[in-house]
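Residue numbers (the working numbering): 77 to 402.
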Amino acid sequence: MRTIDFHNHYYPPAYLDALRSDGGITKVSTDAQGNPVLATPGDVNIVVPGHRDIDFRQDVLDRAGVDTQVLSFTAPGTDIHPPDRAVRYAQMVNDAFATILRERPDRFTALATLPMRDPAAAVSEVERAIKTLGLKGIMLFSNVNGVALADERFWPVYEKANDISAVVYIHPTYPVGVEAMTKYWLMPLVGFTFDTTLAAASLVFSGVVERYPNITWVLAHLGGAIPYLAERLDRGFHAFKECRKNIPKPPTEYLREFYYDTVNFDTRALRLAIDFAGTDRLLAGSDYPHQIGSIRSMLESLDTLAITAEERTQILGGNATRLLKL
């Protein structure tokens with residue numbers, strides 16, 4: 077049985093070096109343990125060894141019994157920087173991912189990050205990252221500096237992704253209304269999940285998902301609140317003509333075709349997602365090595381989930397193998 081961790085995050089050392097030398101909105105310091113600390117408005121990320129040392133990370137995977145990770149970048153991404161720098165940083169991250177894939181093809185694959193502030197550059201990077209570098213899909217953040225992913229300025233990116241039948245993974249970033257989330261870590265604990273929910277609902281209602289049927293969509297953190305709120309979205313479709321303007325069928329008919337990673341370690345929540353989308357649409361994820369991520373919790377939650385051995389094998393790695401053609 078192959079175990080594939082679909083949701084985890086990596087900072088290439090070259091990117092960290094660039095942040096130190098370039099200055100700008102991200103302030104880089106060092107904590108008492110020697111870890112880089114990235115401070116951006118409203119958020120702080122401690123870049124522990126698992127975030128930046130691929131040898132350290134592979135040792136962690138060996139000890140945990142995880143065969144492969146699908147590497148991705150992390151919030152807030154590159155688009156908080158000016159467009160030219162965002163493009164350069166995105167290329168830098170994707171180049172670093174490609175190097176890891178070439179050197180450790182049996183242990184890692186990756187999703188590309190895109191400079192969405194410059195949609196034309198993002199289109200070019202889709203082509204380069206997937207066709208030239210061999211990355212297995214795209215990770216988009218749930219909004220682009222407050223602009224919804226459904227906005228028409230981003231449609232050329234989806235057209236390119238549709239042309240090559242790409243996997244598009246949506247991961248949260250600074251949520252809309254973040255000003256109300258400055259205490260108690262409410263931004264990652266609450267805001268992230270609801271920004272993913274907002275992005276998914278908007279992409280469906282706007283017709284983006286209908287318009288670009290060759291894209292396979294994946295949602296982080298078990299879809300935020302999508303499995304819980306999907307019935308309410310359908311009621312909106314039937315009640316409000318605006319919700320029927322761009323789509324011919326209720327939202328759940330699209331959302332059940334999405335994939336959902338298992339970064340919600342409550343087995344009752346996992347059960348709800350299975351009842352909504354099926355075991356063939358769930359992808360094991362840990363959120364490693366963030367403070368609220370856990371490879372152990374990923375494995376334990378799936379081990380104790382009341383499903384068949386075949387279904388568990390699907391979620392742990394079979395679905396990701398099929399989705400990413402590994």
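Cβ coordinates follow ideal geometry from the N, Cα and C atoms, glycine included.
Tell me the rounded alpha-carbon separation between Thr343 and Asn170. A direct Cα-to-Cα measurement between Thr343 and Asn170 gives close to 34 Å.
Is the number of C-beta pairs between the stretch 134-146 and the stretch 362-378 that are closer than 8 Å three or more? yes
Considering only the alpha carbon of each residue, which of Tyr260, Lys103, Gly100, Ala396 lies closest to Thr292? Ala396
As assigned by DSSP and simplified to three states, the class of Leu92: DSSP places Leu92 in the helix class (H, G or I) of the three-state scheme.
Whether Pro89 touches Ala172 by CB criterion (9 Å): yes
Between which residues of its own chain and Tyr410 is the CB-CB distance below 8 Å, once the five residues before and five after are set aside? Outside the shown range of the chain, which is 77 to 402, sits residue 410, and nothing can be said about it.
In the DSSP assignment, the beta strand (DSSP E) including Ala186 goes from what residue to what residue? 184-186
Measure the Cβ-Cβ separation of His247 and Ser218 and say whether it is below 9 Å. His247 is a Cβ neighbour of Ser218, given a cutoff of 9 Å.
One or two residues paired with Ser148 in a DSSP bridge: Bridge partners of Ser148: His85.
Closest by C-alpha distance to Ala188, when choosing among Glu179, Glu235, His85, Lys259: His85
So, is Gln167 buried or exposed, given that buried needs 16 or more other C-beta atoms within 10 angstroms? It is buried - the Cβ of Gln167 has at least 16 other Cβ atoms within 10 Å.
Report the three-state DSSP secondary structure of Val169 (helix, strand or coil). helix
In angstroms with no decimal places, state the Cα-to-Cα distance between Asp131 and Leu309. 44 Å
Rounded to whole angstroms, what's the CA-CA distance from Ile156 to Asp363? Just pull it up for me. Taking the straight line from one Cα to the other gives about 22 Å.
Identify whether Leu209 lies in helix, strand or coil by the three-state DSSP scheme. coil
Same chain, Cβ closer than 6 Å to Ile80, five either side skipped, listed in chain order: Thr144, Gly393, Ala396
According to DSSP, residues forming a beta bridge with Tyr245: Answer is Met215, Val294, bridged to Tyr245.
Helix, strand or coil at Leu274 [DSSP, three-state]: Leu274: helix per DSSP, three-state reduction.
Within a Cβ cutoff of 6 Å, which residues of the same chain sit near Gly369, ignoring the five residues on either side of it in sequence? Around Gly369: Ser362, Asp363.
Rounded to whole angstroms, what's the CA-CA distance from Val233 to Val280? Just pull it up for me. 16 Å
How many angstroms separate the CA atom of Thr249 from the CA atom of Pro152? 5 Å
Taking DSSP as the reference, what is the three-state secondary structure of Leu381? coil
Beta-bridge partners of Lys103, as assigned by DSSP: Ala115
Report the three-state DSSP secondary structure of Leu279 (helix, strand or coil). helix
What is the DSSP secondary structure of Thr189, reduced to helix, strand or coil? strand
Residue range of the unbroken alpha helix (DSSP H) whose run includes Asp138: 130-140
So what does DSSP say about Leu348, is it helix, strand or coil? Leu348 falls in the helix class under three-state DSSP.
Is Asn221 helix, strand or coil when you go by DSSP? The three-state reading of DSSP puts Asn221 in coil, since its state is none of H, G, I, E or B.
How many angstroms separate the CA atom of Thr106 from the CA atom of Ala385? 45 Å
Is it true that the CB of Phe334 sits closer than 9 Å to the CB of Ala242? A distance of 9 Å or more separates the beta carbons of Ala242 and Phe334.
Proximity winner among Phe230, Pro181, Glu179, relative to Arg193 (alpha-carbon distances): Phe230
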